[in-house]
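Novice:
In the working numbering, the protein residues as written are 1 to 218.
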């Protein structure tokens, strides 16, 4: 986001859960996934927030899908998180672009989208690494209901930490780049972001390839 004058940073970050049940009205908002490619100005379809002096705003949402299993062991119930898949989406209706803004601003806004994706990939890598090491999220409770409730609490904690990290990184990104107006700082930040995204993609691919069992042929 670039500001015309000094003002509070606003970056819309909404987190929701995809688990058969919709998470409020936000689940109905149009969205596009990060892997659809770089942002374009025409995708910023939201209305400028009244009273805002921002030239643009990028709304993102971190989505996740998860699966778990519950089994009874004696008088206890054991819930195990079997998978969590995270991904980042752009929210067109929560994103705006002031007409006649400099085209270079788009690269800064893409940086905000990348900030969210970096956090998602780091979290996905940490979860995948833990699973590969046999450190799955496991909850033992006195009832099936309590075990499921505890699993949901763990997911809420993961969501909170991702939300916090994205918020902090966005603030730092705007501070260092002066909302995209410091050209050299902007270029350097974007260079680091691209390298980080590439490295995380390689790490995830390497981990997935080693954790996928190889079929033997006779």
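Glycine residues also receive a C-beta, built at the ideal position from the N, C-alpha and C atoms. Only a predicted model underlies this, so the values are computations on that prediction, with no experimental measurement involved.
Out of 139, 58, 201, 104, point me to the one whose CA is closest to residue 69's CA.
Specialist: Nearest in C-alpha terms to residue 69, of all of 139, 58, 201, 104, is 139.
Novice: Report yes if the C-beta distance between residue 88 and residue 34 is below 8 Å; otherwise report no.
Specialist: Residue 34 is positioned such that its CB atom lies closer than 8 Å to that of residue 88.
Novice: Per DSSP, which residues does residue 57 bridge with? Please list them.
Specialist: Per DSSP, 96.
Novice: Considering only the alpha carbon of each residue, which of 151, 114, 122, 98 lies closest to residue 36?
Specialist: 114
Novice: Do residue 132 and residue 207 come within 8 Å of each other at the CB atom, strictly closer than that value?
Specialist: Yes.
Novice: Quick one: residues in its chain with C-beta nearer than 7 Å to the C-beta of residue 190, no 5 flanking neighbours on either side, listed in chain order?
Specialist: 107, 111
Novice: Distance, Cα to Cα, residue 21 vs residue 66?
Specialist: With a pLDDT of 22 at residue 21, under the threshold of 50, the modelled position of that residue is not reliable, and no figure is offered here.
Novice: Counting Cβ pairs, one atom from each stretch, are 3 or more of them under 8 Å apart for the segment 95–109 and the segment 41–55?
Specialist: yes
Novice: Between residue 117 and residue 147, what straight-line distance do the alpha-carbon atoms span, to the nearest angstrom?
Specialist: 31 Å
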